[in-house]
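**Student:**
Chains as they are written, first to last, in this note's numbering: chain R, 7 to 247; chain L, 425 to 621; chain H, 340 to 907.
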């Protein structure tokens, strides 16, 4: 496959055509923060935490959704980007109620990791005064809307990997929220196969396994990526046969 | 479309009077089926179909959304996602009368806030809500494009141009009184016929 | 000629039929005038015409918008061998008098007339609106009699697609939806895309509150939109067209549906047009109340029956659009320019306007002016000329303060820039945009922070919620503006607001978020003292503000502000 040469934070790297900047950066040993992107799922470019600067382009671009290009000069960690990411993360915190001390995902939470990484130790915005009610109707899993960061990884895992389309996005703007089927309690969603892929894909503690308490969430996020990679590989082999 | 709605309204009136679930021969079902056939059950016609549902039933109920999802072979979560994305779709029955205040820029500059506040105070109904007795819904529109006549409001779809709070309140009163006297007339006519039922 | 229609015959027949009448009464039947009672006016005139037995003598036409909406209903009387007479504020009584005196006795009702030399009319140049107030939008024959569909016929039967694109490129026509992208270049991109499933989309999702240019064109001259689309389709190789119309415009939907039926009947849409291989069909798609659907990718999602959330570009629609096929989205007004450009030539069009902004622009002139309504002016006309001459100055002896263009994505133009020419680049240099054509004039009574809050509430309500900066940022900016306007804001609030403007502008996924801070940035730039006058001392009143963190916010925000680039 044809390749291109580019520079990421000063590191010269060769990348195959079609790879995105996030993947190239990872191979170059540069970590770009991100939340909505998960290998194996379609790319939405919605969290805007992985924005990077490319010399010669007027505004930053999301690394997860920008293909590599010949002679690109990419900067992933400028003072401006860092500050914008901090503000974005603060706003994300203020959209919900994120109390690490009471969360199953504590210690295995991508939001928590990002906050540590970007040095967000306080939030300058006012979160909503009340917690939303948890949905504990499913026999095995629970959903806490106050912890949801609207990355839609669960929605995509449900649709693209399991093919159930149980989870959907409803409302709009600040009223955007997850729904199961026609907005029914999760346990009553007829389309749900209880496969748990949504729970694996969740970067925070919004979707969790019942019976786990604070800090007990298992990190199984690679599951979705592994499944899709295996599916692609094996279906390819089938074709060859 | 208004004819559809009138037919549907009459049907729901009968169903309501009977006090039970809508009868199996609810003409609204046939109206919706006609619409579904017209779009050949194509999933990409979902928004058109939702408009039709709102015209026929007045609002989107979970039951009808399920019907639509099945008919168009769409996951229920996608149907709800689309229905809740667009502001014109309503999930509750509207009041007998609606007062819609335009809050476009021209109307804003010319005092749409005062119109809204005036109606809220006079009729005790909050913006976007329906009065408890179901007589009036107070809604806002994003610009109905009659900016030369700003500020404007719509009462049951009829434009009140260059409105003042007093004029608007008076116009609502007129609309409400008109329907009351129409109801009285119907009642009197029914009584006159002997009212055997 | 081949193809089953002879337009010249049809046009000639229509003109002969119209010439039989001695007088024609053109009654404005546009939405604004109908709201003002134009139906009663028409009925009154028709009654008198019937009473006096003038049916053979007088033709009554309900036409499209005549422009001066604030003086509606408008009525124009055209008599053989005489100058047109225009009447304003014609209620039913006045209509009756006009019919009795003018139509029956030939005596104009002087005190109701409005001179056509009035600057409101005299200063306008009509390209897109050339048929407004002249034709009956319900009749294709009237459009054809006024030269309609001739441009399409000539393009299809005598020109190559490349030739058509060349005319559009040389005309200098730019997108009228706001961005100002050269129309010819877009057409060329679609032309070059390899597919046999290309589509052309007319964007009639006019969401800017206070603007109704596209609605008027769709309602009052629907065939012009169809003809523009068909020409675009021929030039680009598209086989299918969609018109996306706001659900708030039911009359536009009805008129377009009717126009499509008529055009199909006359074989001006459909298969093998004018006896050639060129086939083209148009379908209408109706929105359901979402401003963001004016954005190209959101609009396409909505046409496909999905949530109107934008997706990342590239790929651009001309590469991957509707159902994955190459598509092109043009604003309704852009397409409405095309038939006239093709008929009168690229040079004629390019001579109107300025070097970089050719042609005219339709504005919905609203707000605190004597004359408000729909106007079409050559690009490059100054704001002062629009306000003082066409608009008749600020109403009620108040002073002009600012004009807002571009709606929630635009900015304001203060008094000191009132002599700015209205073209794409000059407006951009002032921190505003041409936008789709909303032009709202504000007088000294209007507080600019209120205006900024109004637009931010709009953007917050209309944010689709997909990307974080717009979803959360418009809300937080609204909260900060609300704190300022209601006397709860400190110096730190203002700093924080400016930080957020920068974050949201830079990082949002689509145009809605990227431009949402514009009204704030622009009013801050020109009217900063108004904001500063609202500030309360730090710590005096922090209800609703992130109290404990205010100082920290100010610190981090100012640190950020120093090191970042500023918007123009």
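From the three backbone atoms N, C-alpha and C, an ideal C-beta is built for every residue, glycine too.
#1: Could you tell me which residues DSSP pairs with residue 418(H) in its beta bridges?
#2: Going along the chain, which residues of the region 627-649 of chain H sit with their C-beta nearer than 9 Å to a C-beta in chain L?
#3: Quick one: using the 10 Å Cβ neighbour count with 16 as the cut-off for buried, is residue 225(R) buried or exposed?
#4: Within the 7 Å Cβ cut-off, does residue 579(H) reach chain L?
#5: With DSSP collapsed to three states, give me the class of residue 643(H).
#6: With contact counted as at least three CB pairs below 8 Å, one residue from each stretch, are the region 425-443 of chain H and the region 727-739 of chain H in contact?
#7: Would a C-beta distance cut-off of 7 Å place residue 559(H) and residue 476(H) closer than the cut-off?
#8: Per DSSP, what kind of secondary structure is residue 426(H) in: helix, strand or coil?
#9: Suppose you measure from the CA of residue 791(H) to the CA of residue 859(H); what does that come to, to the nearest Å?
#10: Cβ of residue 399(H) within 7 Å of Cβ of residue 448(H)?
#11: Roughly how many angstroms separate the alpha carbons of residue 782(H) and residue 707(H), rounded to a whole number?
#12: Is residue 483(L) close to chain H? Criterion is C-beta to C-beta, closer than 7 Å.
#13: Taking 7 Å as the threshold (beta carbon to beta carbon), is residue 465(L) in contact with chain H?
#14: Do the CB positions of residue 810(H) and residue 506(L) come within less than 7 Å of each other?
#15: Find the residues of chain L that neighbour residue 176(R), judging by a C-beta separation of less than 7 Å, and give them in chain order.
#16: What residues are listed by DSSP as bridge partners for residue 9(R)?
#17: Restricting to runs no shorter than 3 residues, where is the beta strand (DSSP E) found entirely within the region 193-223 of chain R?
#18: Buried or exposed for residue 662(H), going by 16 or more other Cβ atoms inside 10 Å?
#19: In angstroms, rounded to a whole number, what distance separates the CA positions of residue 342(H) and residue 618(H)?
#20: Hey, residue 526(L) and residue 576(L) are a contact pair by Cβ (cut 8 Å); roughly how many whole angstroms apart?
#21: Taking residue 437(H) as part of the alpha helix (DSSP H), name the residues at either end of that continuous run.
#22: Helix or strand or just coil, what does DSSP make of residue 631(H)?
#23: Excluding sequence positions up to five away, which residues of its chain have a Cβ less than 6 Å from the Cβ of residue 720(H)?
#24: Spatial neighbours of residue 522(H) within its chain, please: C-beta separation below 7 Å, excluding the five flanking residues on both sides.
#25: Please report the residue range of the alpha helix (DSSP H) in which residue 704(H) lies.
#26: Just to confirm my understanding: we take residue 73(R), look at its own chain, exclude 5 residues before and 5 after, and list those with CB closer than 6 Å. What are they?
#27: Along the region 159-184 of chain R, where does the CB come closer than 7 Å to a CB of chain L? Name the residues.
#28: Give me the Cα-Cα distance between residue 620(H) and residue 603(H), rounded to the nearest whole angstrom.
#29: How would you call residue 892(H), buried or exposed, if buried means at least 16 neighbouring beta carbons within 10 angstroms?
#30: Smallest Cα separation from residue 57(R): which of 834(H), 826(H), 827(H), 808(H)?
#31: So is residue 331(H) in contact with chain L if we call contact Cβ pairs under 7 Å?
#32: Run through chain L and tell me which residues come within less than 9 Å of residue 188(R), C-beta to C-beta.
#33: Using a threshold of 7 Å, state whether the C-beta atoms of residue 864(H) and residue 774(H) are closer than that.
#34: Among all the DSSP beta bridges, which residues are the ones paired with residue 619(H)?
#35: Under the assumption that residue 530(H) contacts residue 575(H) (Cβ atoms under 8 Å), give the Cβ distance between them as a whole number of angstroms.
#36: In this structure, how does DSSP classify residue 756(H) when only helix, strand and coil are distinguished?
**Tutor:** Let's see:
#1: 362(H)
#2: 627, 628, 629, 630, 632, 641, 642, 643, 644, 645, 646, 647, 648
#3: Residue 225(R) should be labelled exposed.
#4: no
#5: coil
#6: no
#7: yes
#8: Three-state DSSP puts residue 426(H) in a strand.
#9: 5 Å
#10: no
#11: 6 Å
#12: no
#13: no
#14: no
#15: 504, 505, 508
#16: Under DSSP, residue 9(R) shares a beta bridge with 22(R).
#17: 213-215
#18: exposed
#19: Caution applies to residue 342(H), whose pLDDT of 45 falls short of 50 and renders its modelled position unreliable; the value that the coordinates give is listed next. Rounded to the nearest angstrom, the two C-alpha atoms are 12 Å apart.
#20: 5 Å
#21: 431-437
#22: helix
#23: 761
#24: 507, 512, 513, 514, 669, 673
#25: Looking at the DSSP string, residue 704(H) is not in any alpha helix (DSSP H); the run it does join, the beta strand (DSSP E), is 699-706.
#26: 26
#27: Within the region 159-184 of chain R, the qualifying residues are 171, 172, 173, 174, 175, 176, 177, 178.
#28: 9 Å
#29: Interpretation of residue 892(H) is limited by its pLDDT of 35, a score under 50 that renders its predicted location unreliable; the figure taken from the coordinates is listed afterwards. Residue 892(H) comes out buried.
#30: The option with the nearest alpha carbon to residue 57(R) is 808(H).
#31: The first residue shown for chain H is 340 and the last is 907, placing residue 331(H) beyond what the model contains.
#32: Per Cβ cutoff of 9 Å: 486, 489, 490, 493, 500, 501, 503, 504.
#33: no
#34: 609(H)
#35: 5 Å
#36: helix
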